[in-house]
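Here is the structure we will look at.
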Amino acid sequence: MSETTTTSTAAPMRRFGRFELRALLHKSQRSMLWLVFDTHHSQEMLLMVPREKPATEAAMLQWLKTMDAASRIHHPNLGHVVEAGRVDPWPYVTYDRALGETLEERIARGAPLPLDAAQWVAQALEGLAFAHEAGHAHRDIQLAHLLIDQGDHVRVIGLEVAQETLPADADFNATRRAARESAEEDVVAIGLVLHRLLSGKPVLDEADLRQVLQRMQPQGQELVRMGWETPYPIPEPLRAIVNRATDRQARQRYHQARSFWRALDGWRLSAEQDDGGPIALLKDKMQRFGHLPSTTTRLVSTAMSAAMASQHASELAALALKDMALTLELLRRVNNALRQQGHQNSGGTVLNMQRAIAMMGLNGLEDAARALKPWPGPMNEAQATFMQSLLRRVQRAGEVAQALRPAGYDGEVVYLINLMQNLGRLLVQYHFPDDAQQIRQLMVAPEPTEEHPNPRGMTEQGAAYAVLGCDLESLGLAVARYWGLGEELQHMMRRQPQETPVRNAEGDTEILRLTCSLANELIDALGLPERKRQTAIELATRRYARALNLGLREIYDALGTAQAEGEPPAGVSDPRVGAAATAAPRSRLRERAEQTTTSAGARPAGRPVPGKDSP
13 MSETTTTSTA APMRRFGRFE LRALLHKSQR SMLWLVFDTH HSQEMLLMVP REKPATEAAM
73 LQWLKTMDAA SRIHHPNLGH VVEAGRVDPW PYVTYDRALG ETLEERIARG APLPLDAAQW
133 VAQALEGLAF AHEAGHAHRD IQLAHLLIDQ GDHVRVIGLE VAQETLPADA DFNATRRAAR
193 ESAEEDVVAI GLVLHRLLSG KPVLDEADLR QVLQRMQPQG QELVRMGWET PYPIPEPLRA
253 IVNRATDRQA RQRYHQARSF WRALDGWRLS AEQDDGGPIA LLKDKMQRFG HLPSTTTRLV
313 STAMSAAMAS QHASELAALA LKDMALTLEL LRRVNNALRQ QGHQNSGGTV LNMQRAIAMM
373 GLNGLEDAAR ALKPWPGPMN EAQATFMQSL LRRVQRAGEV AQALRPAGYD GEVVYLINLM
433 QNLGRLLVQY HFPDDAQQIR QLMVAPEPTE EHPNPRGMTE QGAAYAVLGC DLESLGLAVA
493 RYWGLGEELQ HMMRRQPQET PVRNAEGDTE ILRLTCSLAN ELIDALGLPE RKRQTAIELA
553 TRRYARALNL GLREIYDALG TAQAEGEPPA GVSDPRVGAA ATAAPRSRLR ERAEQTTTSA
613 GARPAGRPVP GKDSP
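If you're matching positions, the sequence shown starts at 13 in the numbering used here and goes up one per residue.
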């Protein structure tokens with residue numbers, strides 16, 4: 013359809029076949045959207061035509077055939093095609109105007125709230141995901157191609173209107189590859205729609221999102237990031253989601269509409285209700301597969317043996333601590349029982365295996381062991397292998413935290429607090445292993461380029477936002493509340509944000525929280541490339557040194573003590589300690605702690621241990 017068919021309000025009415033052209037609603041590089049009046053049915057319609065007419069009759073027939081297949085896809089978030097036809101030499105497709113106004117018309121009256129924008133785009137993504145999975149793509153996503161009714165129900169129109177006509181003898185693999193690439197472009201375009209809704213202004217000052225795609229990196233030179241001057245404050249998780257959708261690195265973006273939808277819908281539901289989105293899905297999976305699988309059958313067999321009754325409580329506690337699944341199950345059961353009895357409000361959370369076993373009795377321990385799912389649960393071999401490495405990492409972080417704890421604090425309590433700081437990570441790796449892998453991939457820095465010689469990967473929090481719609485810590489805290497664990501422990505489960513300075517530790521809960529945060533940061537540092545490990549350890553030490561009264565000597569001693577039963581930490585040396593650390597690997601801090609904890613629960617007078625003295 014040539015541009016001469018567009019008119020001003022003063023010009024005589026133009027026609028396209030039986031349709032009276034009343035208003036041009038949108039024009040892009042690839043299509044045009046008109047408001048028309050159907051003279052045969054006496055009603056207003058929306059009519060879309062491609063900007064380039066098919067070059068041959070075969071191409072016209074191919075366009076109509078593809079459009080007919082696309083129109084047979086029915087989904088609540090896809091606009092129903094009323095008619096697909098031709099007014100030579102142009103093909104067209106029509107939709108009922110009663111489906112609603114375009115998103116462009118809606119936002120002309122004002123920018124939406126972030127939650128509303130997320131809800132609209134999530135609906136569009138659901139429809140697109142369904143179409144993509146059926147083998148079709150849109151190829152020209154624009155705000156005008158999303159219709160919204162008075163009930164905020166969004167539908168995508170224009171599927172396959174801007175299709176690329178391929179020769180009849182085109183290679184099947186090439187055709188599928190082109191469709192897949194077009195579907196990925198659709199996903200980026202939807203990200204630009206969300207950016208437009210949240211920013212309140214056209215992206216790169218372009219009304220045509222197709223032109224924005226061409227100007228964006230890596231095809232062009234422009235960088236599309238969510239700015240800070242927006243009509244409404246943008247929550248950090250939502251900011252991470254929209255920035256990932258338009259990331260300059262193509263490999264960092266969402267490649268499927270379904271993945272984008274999961275992240276956006278997860279944040280939206282979490283924002284609307286505390287137990288929505290990924291939290292609700294996680295609880296459902298925990299009902300079916302347990303929180304974690306048991307890593308050894310010995311614990312279960314021991315718990316069911318008659319010889320268990322003769323074992324000392326400390327031996328049973330040590331046995332339980334070797335299996336994180338059993339440890340968490342005992343904590344869940346004993347604290348949930350206290351909450352139901354109404355006793356937990358008078359004290360903290362029970363964070364002691366000996367006490368938990370004493371309160372539950374041998375029958376309770378046996379029931380807890382029987383309730384565990386056997387390893388590896390629903391995980392495949394590769395996922396189970398990574399899960400084992402994560403469990404070892406958490407265990408070692410707990411040992412480092414024990415070695416760093418101030419004198420008088422119960423080592424078992426410190427170990428369990430450290431475990432709870434990693435609860436969200438463990439649960440996501442077990443129940444959402446594919447999402448966990450995607451989070452790790454986003455944290456890897458992209459390859460350096462001339463323009464970006466020192467690129468950085470996303471933070472764990474930002475990557476989790478971009479994949480799940482919420483961070484891992486929030487998932488762990490939601491499960492802790494679900495289990496009835498107290499507010500004091502929930503506070504200690506929060507790691508110190510790395511971008512936040514560490515202030516003086518006031519009170520026992522803050523000391524223990526920071527000690528475990530430091531231990532986790534140190535273990536994270538050991539996972540870095542060898543050239544970066546020592547620097548990361550020194551940076552973490554400086555952050556916490558004043559608050560915890562620790563020096564680099566204590567840090568290296570703690571790492572060496574925790575590594576005593578395994579291999580020494582590769583690539584780590586302490587130039588300030590030298591051979592003295594090898595000759596005397598035990599830290600002064602640990603010696604002081606052990607002298608005051610030879611009997612269970614020993615501590616300085618007037619210093620309660622969180623979780624130790626709870627009822």
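Virtual Cβ for every residue (Gly too), placed ideally from N, Cα, C.
On a predicted model such as this, the values are computed, not experimentally measured, just so you know.
Candidates the options, of which the one nearest residue i by Cα
i           : options               : result
residue 171 : 257, 81, 375 and 251  : 81
residue 249 : 281, 382 and 225      : 281
residue 479 : 444, 491, 513 and 504 : 444
residue 39  : 101, 31, 27 and 59    : 59
residue 428 : 497, 128 and 101      : 497
residue 215 : 101, 244, 255 and 190 : 255
residue 513 : 483, 528, 559 and 490 : 559
residue 431 : 413, 463, 301 and 51  : 413
residue 232 : 223, 540 and 301      : 223
residue 101 : 434, 61 and 422       : 61
residue 349 : 393, 527, 376 and 394 : 376
residue 146 : 28, 191, 294 and 121  : 191
residue 75  : 98, 370 and 557       : 98
residue 390 : 297, 241 and 494      : 297
Buried or exposed by the 16-neighbour rule on C-beta atoms within 10 Å, applied to residue i
i           : result
residue 486 : buried
residue 144 : buried
residue 561 : exposed
residue 523 : buried
residue 516 : exposed
residue 43  : buried
residue 55  : exposed
residue 578 : The pLDDT assigned to residue 578 is 41, lower than 50, so where the model puts this residue is not dependable; a value taken from the coordinates is nonetheless given after this. So residue 578 counts as exposed.
residue 136 : buried
residue 532 : buried
residue 590 : Here residue 590 scores only 34 on pLDDT, less than 50, and its place in the model is too uncertain to base an answer on.
residue 68  : exposed
residue 397 : exposed
residue 583 : Caution is warranted here: a pLDDT of 41 is assigned to residue 583, below 50, making its placement in the model unreliable, and the coordinate value is therefore given only provisionally. Flag for residue 583 reads exposed.
residue 163 : exposed
residue 175 : buried
residue 138 : buried
residue 457 : exposed
residue 408 : buried
residue 588 : Residue placement at residue 588 is poorly supported in this model, since its pLDDT is 35, which falls under 50; the coordinates are not used for a value here.
residue 434 : buried
residue 586 : Below a pLDDT of 50, predicted positions are generally treated as unreliable, and residue 586, at 41, falls in that range; no measurement from the model is reported.
Residue range of the unbroken alpha helix (DSSP H) whose run includes residue i
i           : result
residue 495 : Residue 495 -> no alpha helix (DSSP H), and no H or E assigned at all.
residue 142 : 126-145
residue 438 : 435-443
residue 401 : 393-416
residue 456 : It is not in any alpha helix (DSSP H) - residue 456 carries neither H nor E in the DSSP assignment.
residue 160 : Careful: residue 160 lies outside any alpha helix (DSSP H), inside the beta strand (DSSP E) at 158-160.
residue 224 : 221-227
residue 168 : Segment 166-168 is the beta strand (DSSP E) holding residue 168; no alpha helix (DSSP H) there.
residue 334 : Residue 334 -> no alpha helix (DSSP H), and no H or E assigned at all.
residue 296 : 290-301
residue 474 : 472-480
residue 521 : 520-538
residue 483 : From DSSP, residue 483 is part of no alpha helix (DSSP H); its letter is neither H nor E.
N-terminal and C-terminal residue of the beta strand (DSSP E) that residue i is part of
i           : result
residue 106 : 102-108
residue 543 : It is not in any beta strand (DSSP E) - residue 543 instead sits in the alpha helix (DSSP H) that spans 542-560.
residue 240 : No beta strand (DSSP E) contains residue 240, which DSSP labels as neither H nor E.
residue 95  : 93-99
residue 57  : 55-62
Test: residue i CB closer than 7 Å to a CB of chain D
i           : result
residue 570 : In the displayed structure, chain D is absent; only one protein chain is listed.
According to DSSP, residues forming a beta bridge with residue i
i           : result
residue 26  : 33
residue 44  : 39 and 61
residue 306 : 386
residue 113 : 160
residue 49  : 32 and 56
residue 90  : 168
Residue i CB to nearest heavy atom of the ligand PLP below 6 Å
i           : result
residue 366 : Inclusion of the ligand PLP in the displayed structure is not the case, the ligand content being empty and no account of it being possible.
Problem - Any 3 or more C-beta pairs closer than 8 Å across the region 415-432 and the region 471-478 - result: no
Exercise for the section: Could you tell me whether the region 151-159 touches the region 191-203, using the rule of 3 or more Cβ pairs below 8 Å? Expected result: Flag = yes, the region 151-159 and the region 191-203 touch.
Problem - Inter-stretch contact (C-beta, 8 Å, three-pair minimum) for the region 338-347 and the region 373-385 - result: Counting Cβ pairs under 8 Å, three or more are found: they touch.
Practice task
Evaluate contact between the region 86-104 and the region 124-131, counting only Cβ atoms and requiring at least three cross-stretch pairs below 8 Å.
Solution key: no
Handout entry: the region 361-369 / the region 498-505 touching (three or more Cβ pairs under 8 Å)
Key = yes
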